[in-house]
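**Q** 391 is the number that my numbering gives to position 154 of the sequence shown; each next residue is one higher, with no gaps. For each residue, glycine too, the CB sits at the ideal point set by N, CA and C. Just so it is clear, the structure is predicted and the values come from calculations on it, not from any experiment.
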Amino acid sequence: MSISIVRTRMSHRKMSRTLNCPAQPVSGDLLPSMTQSTVRRSVSSSSPWEATVGYCRAVRKGTYIAVSGTTSIDQDTGLVAHKGDAYLQTKHILSLISQTLKSLDASIEDVIRTRMFVTNIKDWEQVGKAHGEIFGNIRPAATMVEVKGLIDPDLLVEIEVDAIVG
238 MSISIVRTRM SHRKMSRTLN CPAQPVSGDL LPSMTQSTVR RSVSSSSPWE ATVGYCRAVR
298 KGTYIAVSGT TSIDQDTGLV AHKGDAYLQT KHILSLISQT LKSLDASIED VIRTRMFVTN
358 IKDWEQVGKA HGEIFGNIRP AATMVEVKGL IDPDLLVEIE VDAIVG
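Written as structure tokens, this is what we have:
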């Protein structure tokens, strides 16, 4: 396969170069093989918000797992855990995410990306410290952004993760 690159400069002269590249077969389906499995597994957290909003805690399709935004909710009481403490909320969230991944035959080591949403960017160090304690050696791609608010005003952090098993 040959690819031609034509670059036009400001003087309108054309510069052309041909690269020889091995041909790559392209199928009609451009999705990576990680999602080509026909089996879809879902995990519910039994949150009252799941039925109302129409989502689940996590979905696995093939080797790919997406974990929905997870917050520091006590699974027994349904109330916010660790009010006012971003570090402990983050630790609690990451524990819930770890349990969710295990239920889908995966682990924290399979996480390739995290997204952290904080209601006060001044909490970044506490959230980052807790994140680093879990992911320090794994080093997934990570993003942390400040948001105006979460579903409950006592929630300081929400985290989503993507994982690929294997």
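Assuming V296 contacts A288 (C-beta within less than 8 Å), just tell me the rounded distance between them.
**A** By 1-based counting over the sequence shown, the position of residue 296 is 59. By 1-based counting over the sequence shown, the position of residue 288 is 51. About 16 Å separates the two Cβ atoms, so there is no contact after all.
**Q** Cutting at 7 Å between CB atoms, please list the residues of its own chain near T300, excluding the five before and the five after it.
**A** Reading the sequence shown from its first residue, position 63 is the one you call residue 300. Excluding sequence neighbours, T300 sits near M271, I401, V402, G403.
**Q** If we require 4 or more residues per run, which alpha helix (DSSP H) segments fall completely within the stretch 286–365?
**A** 323–340
**Q** Bridge partners for R439 per DSSP, in chain order?
**A** Because the chain is modelled from 238 through 403, residue 439 falls outside the range shown and cannot be assessed.
**Q** Could you tell me the boundaries of the beta strand (DSSP E) in which D399 lies?
**A** As a working note, residue 399 is residue 162 in the sequence shown. Segment 394–401, the beta strand (DSSP E) holding D399.
**Q** State the Cα-Cα distance for the pair I334 and T351, rounded to the nearest angstrom.
**A** Within the sequence shown, numbered from 1, the residue matching residue 334 stands at position 97. Within the sequence shown, numbered from 1, the residue matching residue 351 stands at position 114. When the Cα atoms are used, I334 and T351 turn out to be separated by approximately 11 Å.
**Q** For E395, is the classification buried or exposed, using 16 other Cβ atoms within 10 angstroms of its Cβ as the cut-off for buried?
**A** The residue labelled residue 395 in the question sits at position 158 within the sequence shown. The residue in question, E395, is buried, as its Cβ has 16 or more Cβ neighbours within 10 Å.
**Q** Buried or exposed: L331, going by 16 or more other Cβ atoms within 10 Å of its Cβ?
**A** Locating residue 331 in the sequence shown gives position 94, where the first residue counts as 1. Result: buried.
**Q** Would you report the Cα separation of V355 and W361, rounded to the nearest angstrom?
**A** The residue labelled residue 355 in the question sits at position 118 within the sequence shown. The residue labelled residue 361 in the question sits at position 124 within the sequence shown. Whole-angstrom Cα-Cα distance: 8 Å.
**Q** Identify the continuous beta strand (DSSP E) that holds V276 and give its terminal residues.
**A** On the sequence shown, residue 276 is found 39 positions in, with the first residue counted as 1. Run containing V276: none; DSSP gives neither H nor E here.
**Q** What is the C-beta distance between R294 and V280, in whole angstroms, given that I count them as a contact (C-beta under 8 Å)?
**A** Locating residue 294 in the sequence shown gives position 57, where the first residue counts as 1. Locating residue 280 in the sequence shown gives position 43, where the first residue counts as 1. That pair is a contact at about 5 Å.
**Q** Quick one: Cα of I388 to Cα of N374, how far?
**A** Taking the first residue of the sequence shown as position 1, residue 388 is located at position 151. Taking the first residue of the sequence shown as position 1, residue 374 is located at position 137. The alpha-carbon atoms of I388 and N374 are separated by roughly 31 Å.
**Q** Can you check DSSP and say which residues form a bridge with V382?
**A** Translated into positions along the sequence shown, residue 382 becomes position 145. Beta-bridge pairing links V382 to F354.
**Q** Note down the Cα distance separating T327 from T275, rounded to an integer number of angstroms.
**A** Along the sequence shown, read from residue 1 onward, the residue named residue 327 stands at position 90. Along the sequence shown, read from residue 1 onward, the residue named residue 275 stands at position 38. Cα to Cα, the separation comes out at about 33 Å.
**Q** In angstroms, rounded to a whole number, what distance separates the CA positions of W286 and R376?
**A** The residue given as residue 286 occupies position 49 in the sequence shown. The residue given as residue 376 occupies position 139 in the sequence shown. Between W286 and R376, the C-alpha separation is close to 31 Å.
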